[in-house]
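**Q** Before I ask anything, let me first share the structure, which is written out below as structure tokens.
There are 2 protein chains.
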Amino acid sequence: MTIDPPAVKSVSEKTHTKAALPPPETNRLLCELPPDVKLRINPHLELVELKLGQVIGEAGCKMRYVYFPVDSIISLLYVMENGASAEIAVVGNDGMVGVALFMGGESTTSRAVVQSAGYAYKLFGQRLKDEFNRHGALLYLLLRYSQVLLTQMAQTAVCNRHHSIEQQLCRWLLLSIDRLPNDHLLMTQELIANMLGVRREGVTDAAGKLQRQGIINYSRGHIEVVNRKLLEATCCECYNVVKHESERLMPPGHCGKF
Amino acid sequence: MTIDPPAVKSVSEKTHTKAALPPPETNRLLCELPPDVKLRINPHLELVELKLGQVIGEAGCKMRYVYFPVDSIISLLYVMENGASAEIAVVGNDGMVGVALFMGGESTTSRAVVQSAGYAYKLFGQRLKDEFNRHGALLYLLLRYSQVLLTQMAQTAVCNRHHSIEQQLCRWLLLSIDRLPNDHLLMTQELIANMLGVRREGVTDAAGKLQRQGIINYSRGHIEVVNRKLLEATCCECYNVVKHESERLMPPGHCGKF
DNA sequence: TGTCATATGTGCGTTACCGCACATAGTGAT
DNA sequence: ATCACTATGTGCGGTAACGCACATATGACA
């Protein structure tokens, strides 16, 4: 029952033995690529382990690699001058980290932090750009994904403005477990507070309410969603808006259909 | 001295007589295009007048046209189920409205509203897509602009989370006058409140403070920035972050240099 | 000039969240 | 078993923004 940071590693290793590495297709973007693109890209993909809290992209620094999460989750976090922070968007096996590379900026104003340990496929930035500049399926796929990101950011802005900590916590939990294999996540309330840009005590309050309603169970860095339906009902509209828009923009089986 | 909605029209007409239409180059994006692209695009650009409050793109509805503002300002506004709203980003002659067209989504979850009346060049969506699909300078220019939008949205999210109404009002004023020919804007506190997603009284308070500090002058729908330096000093970091990132991503004279 | 709609000012109690201080409880290391 | 560390619980005063009600001022227009 006990899962601590080192244990996470062993769990991951157990899941992904040499005999059963998660294929690149575990990532939605890599999956949707047509065969010819895969042939060019896949040989250069490198499966890497990402540890909780690891920074894979710093604000203002040129990104050398892009990452396609398979079972890890990456937070795009904005850190202000005074140290306060806020999550801008979250990326799991539905997306990639490093859109600034093909957008032309090479860097962004936000930091990419591992929010849930796991694996990701890493690709050298120039390789991505080369394929992007062939102006084929990859370009159109990444463009659509960029719009998903845009939508998520916009919704985050709105949610920050109008919704309570409890509602935002619900949204955050839903976004997280959607990107995880089960309804169990490793995350302290302190870290969640950093993501949401609120006080730790505020998260304690909100989480307490959810626990008392039988929506979640948590203790010392573990959170389990036990009643997803109720969680969705308690959440603000923001989660559903983002989810539906993502599904609209990136329907499954889109590869080669651009 | 009196400028009301009808007067705005006459002012605009005075400025842009048949003899002196603002050229497409008044818009930064159109300006940066290399000659061959201009040759293909410009014949299809249509100068249109945009009235205050006009909706040129509705959430969830396919956009038929894209707009390149010349002296108008467009707000990307998210309207929630309960009617509350918040501005996600603002577009002036530095950008365009309708990125969803080339991103592939055809529509977004936000509404595009005219925040400041004026003119814009309108282009049929398919024309833009056609040029985009030539995979030339336009593609790379619009990608960079998309990153500017992304940055602006991210910063809006953070600003909503951490900064006071007064600071946000400063940011909003600066973003606005940067896109206007002078330091004078037509905007009631009620409308500003809608943009910022706060109460009208909150804007009254904040505006009152700024006025008492000699930073702005306002009365019945007119706001004039009289001390920009002080305004910037009173503002949060958000304005400068977005401004610098925009300048980095879209330096002048970039055309043909992709 | 008077009238009216609209924009702005102001006061009040309420709420959500903050910042801080400190108490309590799991958990790993020894 | 003990200790130290970290995560979580809780209380308290302070503050920013809210919702509401209503007062006042300004400019447009008859």
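Protein sequences appear in the order of chains A and B.
Quick note: the first sequence, position 48, residue 48 per our numbering, numbers continuous.
Offset between the second sequence (1-based) and our numbering: plus 1000.
Yeah, the Cβ is synthetic: ideal placement off N, Cα and C, and Gly gets one too.
(1) Who are the neighbours of E948 (chain B) on chain A, taking C-beta pairs under 9 Å?
(2) Only counting the same chain, and skipping five residues up and downstream in sequence, which positions put a Cβ closer than 7 Å to that of C1235 (chain B)?
(3) When the Cα atoms are used, what is the spatial distance from S1219 (chain B) to S1072 (chain B)?
(4) Contact criterion: CB-CB distance below 9 Å. Does M1103 (chain B) meet it with respect to chain A?
(5) For V8 (chain A), collect the residues of the same chain with a Cβ closer than 6 Å to its Cβ; drop the 5 residues on either side in sequence, then sort them by chain order.
(6) Determine the chain A residues that contact M1153 (chain B) at a beta-carbon separation under 7 Å, and present them in chain order.
(7) Quick check: M1195 (chain B) and S1110 (chain B), are their CB atoms within less than 9 Å of each other?
(8) Measuring only between beta-carbons, confirm whether S1110 (chain B) sits less than 9 Å from chain A.
(9) Can you name the start and end residues of the alpha helix (DSSP H) that I177 (chain A) belongs to?
(10) Here's the rule: buried if 16 or more other CB atoms are within 10 angstroms of the residue's CB, otherwise exposed. What is E32 (chain A)?
(11) Beta strand (DSSP E) containing S75 (chain A): first to last residue?
(12) When the cut-off is 9 Å and only beta carbons count, does M96 (chain A) lie next to chain B?
(13) My parser needs the alpha helix (DSSP H) runs of 4 or more residues fully inside the region 1191-1251 of chain B; what are they?
(14) Since N1160 (chain B) and A157 (chain A) are thought to touch, with beta carbons under 8 Å apart, how far apart are those beta carbons, to the nearest angstrom?
(15) Return the chain-ordered ranges of every beta strand (DSSP E) run that is complete within the region 1042-1076 of chain B and spans a minimum of 3 residues.
(16) One question on the structure: do L29 (chain A) and L101 (chain A) come within less than 9 Å of each other, judged by their Cβ atoms?
(17) Does the Cβ of E245 (chain A) have 16 or more other Cβ atoms within 10 Å, making it buried, or fewer, making it exposed?
(18) Rounded C-beta distance between A1089 (chain B) and H162 (chain A)? I'm assuming under 8 Å.
(19) Using only the alpha-carbon positions, how far apart do N1027 (chain B) and K1122 (chain B) sit?
(20) Between the alpha carbons of E1190 (chain B) and H1222 (chain B), how many angstroms are there, rounded?
(21) Does any residue of chain A have a CB that is nearer than 9 Å to the CB of E1237 (chain B)?
(22) Is the shortest distance between the beta-carbon of I1192 (chain B) and the beta-carbons of chain A less than 9 Å?
(23) Given a cut-off of 9 Å on the beta-carbon distance, is the pair V70 (chain A) and L39 (chain A) in contact?
(24) CB I1177 (chain B) to CB D1183 (chain B), shorter than 9 Å?
(25) Does R40 (chain A) get closer than 9 Å to chain B when you measure Cβ to Cβ?
(26) Going by Cα to Cα distance, which pick from A:Q115, A:L185, A:G105 is closest to G60 (chain A)?
(27) Helix or strand or just coil, what does DSSP make of A100 (chain A)?
(28) Hey, P1024 (chain B) and F1068 (chain B): beta-carbon distance below 9 Å or not?
(29) Quick check on A20 (chain A): buried or exposed, where buried means 16 or more other Cβ atoms within 10 Å of its Cβ?
(30) Which value, in whole angstroms, describes the spacing of the CA atoms of M1187 (chain B) and T1108 (chain B)?
(31) Taking C-beta to C-beta, are L180 (chain A) and Y119 (chain A) nearer than 9 Å?
(32) Rounded to whole angstroms, what is the Cα-Cα separation between I1003 (chain B) and Q1115 (chain B)?
(33) Can you pull the DSSP bridge partners for E1087 (chain B)?
(34) Between E1131 (chain B) and chain A, is there a C-beta pair that is closer than 9 Å?
(35) Checking contacts by CB at 9 Å: is A84 (chain A) closer than that to chain B?
(36) Would you kindly work out how many angstroms separate the C-alpha atoms of Q147 (chain A) and A112 (chain A), rounded to a whole number?
**A** Reading it off the structure:
(1) As shown, chain B starts at 1001 and ends at 1258. That puts residue 948 (chain B) outside it, with no answer to give.
(2) Q1167, C1170, R1171, L1174
(3) 21 Å
(4) yes
(5) In this predicted model, V8 (chain A) has a pLDDT of only 36, less than 50, meaning its place in the structure is not dependable; the value taken from the coordinates is given anyway. These residues qualify, in order along the chain: A117.
(6) L150, M153, A154, A157
(7) no
(8) yes
(9) 165-177
(10) buried
(11) 73-79
(12) no
(13) 1200-1212, 1228-1234, 1238-1249
(14) 6 Å
(15) 1046-1050, 1055-1057, 1065-1069
(16) no
(17) buried
(18) Actually they do not touch by this definition, with Cβ atoms about 17 Å apart.
(19) 12 Å
(20) 12 Å
(21) yes
(22) no
(23) no
(24) yes
(25) no
(26) A:G105
(27) helix
(28) yes
(29) exposed
(30) 25 Å
(31) no
(32) For I1003 (chain B), the predicted model reports a pLDDT of 32, less than 50, meaning its position is unreliable; a value from the coordinates is still stated below. So the two alpha carbons sit approximately 15 Å from each other.
(33) B:L1077
(34) no
(35) yes
(36) 18 Å
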